[in-house]
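Residue numbers (my numbering): 7 to 294.
Next up, the structure:
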């Protein structure tokens, strides 16, 4: 592991964990499409086409995300779309599948213990906005991980290793209780789309104390997906790396100078017409 600017590129082999074991305990095939991406893309298009109405669009955005029927003002803007814009508006489709779960990691008797937080059928999730038009501030709802996945000993072993790294990075704070959110995501591309991206918002912060922005578990028939870390202090990118299965990036996030993004993926061999990048992401927030 390499520690610089509280950034660590790691491999799960260093934890004694093989990616095949993760795939066996945490299958990605049964994940559910994230339909939030469709409506967020539609909202971004409306803001782009009707900048003078951005305030009312933002006011009604959460209602639009939560309900099948569009609220009054957004419905009015949709009705005014040109034929070309209307076709684009309704052409958006989901491009990633995902689930999530939350845990409490607590340092007891000189060791970390990880316990599940019981969750409802859908989990509300929001992130700190980096600017007023950042739609990640909306509450998106995701299904919880499969029962076997969220109780996976391998997943809890990963979490224990990550919170131990936080303790190493923060010897002055000495955290003893940390909330952990784990995101299981599959980014998929087919022949109908030239590229898809797991950070459509671009360069950003997630708003957590520390994160694993990506731990790649598996990928197939793709180019791109380059993880990039930007340092505001140095006004430039300080790391750019294409993560291979088993590799991940752990780094400080909130109130830091480190921002991150990942580049889009494209099909390596277009004739195969399917490609994917399966990852785990983690958010770590101090409780005590």
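All residues carry an ideal CB built from backbone N, CA and C; glycine is no exception.
No experiment lies behind these values; they were computed from the predicted model shown.
Query, Result
"Might you give, ordered along the chain, the residues of its own chain that have their beta carbon closer than 7 Å to the beta carbon of residue 42, omitting 5 neighbours on each side?", "71, 146"
"Secondary structure at residue 7, three-state DSSP: helix, strand or coil?", "Caution is warranted here: a pLDDT of 47 is assigned to residue 7, below 50, making its placement in the model unreliable, and the coordinate value is therefore given only provisionally. Three-state result, residue 7: coil."
"Report buried or exposed for residue 240, applying the criterion of at least 16 other Cβ atoms within 10 angstroms of its Cβ.", "exposed"
"Which ranges would you report for the beta strand (DSSP E) in the region 243-267 if only whole runs of at least 3 residues count?", "253-258"
"I'd like to know whether the C-beta atoms of residue 267 and residue 236 end up nearer to each other than 9 Å.", "yes"
"Could you have a look at residue 41 and say whether DSSP puts it in helix, strand or coil?", "coil"
"Sorted by chain position, which residues of the same chain lie with C-beta nearer than 7 Å to residue 8's C-beta, five sequence neighbours on each side aside?", "Here the model assigns residue 8 a pLDDT of 45, short of 50, so the residue's position is not dependable and the matter cannot be decided."
"For residue 289 and residue 22, I'd like the C-alpha separation in whole angstroms.", "22 Å"
"Reducing DSSP to helix, strand and coil, say where residue 59 ends up.", "helix"
"Name the two residues that bound the continuous alpha helix (DSSP H) containing residue 165.", "159-175"
"Residue 124 by DSSP, collapsed to three states: which one?", "coil"
"Anyone know if the C-beta pair for residue 28 and residue 103 falls short of 9 Å?", "no"
"Quick one: grab the DSSP three-state call for residue 64.", "helix"
"Between which two residues does the beta strand (DSSP E) carrying residue 212 extend?", "From DSSP, residue 212 is part of no beta strand (DSSP E); its letter is neither H nor E."
"Roughly how many whole angstroms lie between the Cα atoms of residue 180 and residue 80?", "48 Å"
"Between which residues of its own chain and residue 108 is the CB-CB distance below 6 Å, once the five residues before and five after are set aside?", "123, 187"
"Can you pull the DSSP bridge partners for residue 292?", "184"
"Going by C-alpha distance, which of 148, 76, 83, 135 is nearest residue 106?", "148"
"Compute the distance between the beta-carbons of residue 233 and residue 245, then report whether it is under 9 Å.", "yes"
"From the DSSP output, read off the bridge partner residues of residue 107.", "188"
"Any idea which residues DSSP pairs residue 236 with across the strands?", "243, 265"
"Just the C-alpha distance for residue 91 and residue 202, rounded to the nearest angstrom, thanks.", "20 Å"
"What's the call for residue 96, buried or exposed, on a 16-neighbour Cβ count within 10 Å?", "exposed"
"What three-state label does DSSP hand residue 112 in the structure shown?", "strand"
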